[in-house]
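K.L.:
In full-length UniProt numbering, the protein residues as written are 1 to 128.
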């Protein structure tokens, strides 16, 4: 069984953690650059990691409507890609694919941790 001490903190503060990650992604994705990188497309792993980190607390805690939150994250990601060319950034559909892959990875990691946890995620009568 998996017993990682940080997991109860993620369970308790999932909404704050998620909001901070979403704000960070937004700022880092839309902050205007003086010059564009010479080789576009080298940041796909950053996208995957960022969106896995974004989805993990939500998928781990599984609040009501958590799947809709994941769909919102994907739509939000698409919106960022559409806005990026207007702030001297590259907007690439492959970034959206990397973001979707990250959301999927975050979800899978959370599901595996929930499956192998030594104590249940929440009591049967506990609700948001």
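By construction, the Cβ of each residue, glycine as well, lies at the ideal position given by its N, Cα and C atoms.
1) Per DSSP, what kind of secondary structure is residue 89 in: helix, strand or coil?
2) Do you know how far the Cα of residue 115 is from the Cα of residue 50?
3) Within its chain, find whatever has a CB closer than 6 Å to the CB of residue 125; leave out the 5 residues flanking it on each side and keep chain order.
4) Answer yes if the region 58-68 comes into contact with the region 81-98, meaning at least three C-beta pairs across the two stretches below 8 Å, and no otherwise.
5) Can you find the residues in the same chain that come closer than 6 Å, C-beta to C-beta, to residue 110, ignoring five residues on each side of it along the sequence?
6) Among the residues of its own chain, which have a CB less than 6 Å from the CB of residue 107, if the five just before and after it don't count?
7) Mark residue 24 as exposed unless 16 or more other C-beta atoms lie within 10 angstroms of its C-beta, in which case mark it buried.
8) Going by the beta-carbon positions, is the gap between residue 91 and residue 52 smaller than 7 Å?
9) Just to confirm, is the Cβ distance from residue 94 to residue 78 under 7 Å?
10) Would you call residue 48 buried or exposed, if buried means 16 or more other Cβ atoms sit within 10 Å of its Cβ?
11) Alpha helix (DSSP H) containing residue 51: first to last residue?
P.N.:
If we stick to the structure as given:
1) As a working note, residue 89 is residue 89 in the chain shown. Here residue 89 sits in coil by DSSP.
2) For the purposes of this step, residue 50 is taken as residue 50 along the chain shown, with counting starting at 1. For the purposes of this step, residue 115 is taken as residue 115 along the chain shown, with counting starting at 1. Whole-angstrom Cα-Cα distance: 23 Å.
3) Counting from 1 along the chain shown, the entry for residue 125 is found at position 125. For residue 125, the predicted model reports a pLDDT of 44, less than 50, meaning its position is unreliable and no value from the coordinates is stated.
4) By the Cβ rule, the region 81-98 does not count as touching the region 58-68, because fewer than three pairs are nearer than 8 Å.
5) Looking up residue 110 in the chain shown gives position 110. Closer than 6 Å at Cβ, skipping near neighbours: 56, 59, 60.
6) Counted from its first residue, the chain shown places residue 107 at position 107. Result list for residue 107: 55, 59, in chain order.
7) As a first step, residue 24 must be located in the chain shown, where it is residue number 24. In this structure residue 24 is exposed. Its beta-carbon is surrounded by fewer than 16 other beta-carbon atoms within 10 angstroms.
8) Residue 91 sits at position 91 when you count from the first residue of the chain shown. Residue 52 sits at position 52 when you count from the first residue of the chain shown. For the 7 Å CB-CB criterion, residue 91 and residue 52 do not form a contact.
9) Translated into positions along the chain shown, residue 94 becomes position 94. Translated into positions along the chain shown, residue 78 becomes position 78. Note that the C-beta distance between residue 94 and residue 78 is not below 7 Å.
10) The residue you call residue 48 lines up with position 48 of the chain shown. Buried is the call here.
11) As a first step, residue 51 must be located in the chain shown, where it is residue number 51. Unbroken alpha helix (DSSP H) run through residue 51: 44-61.
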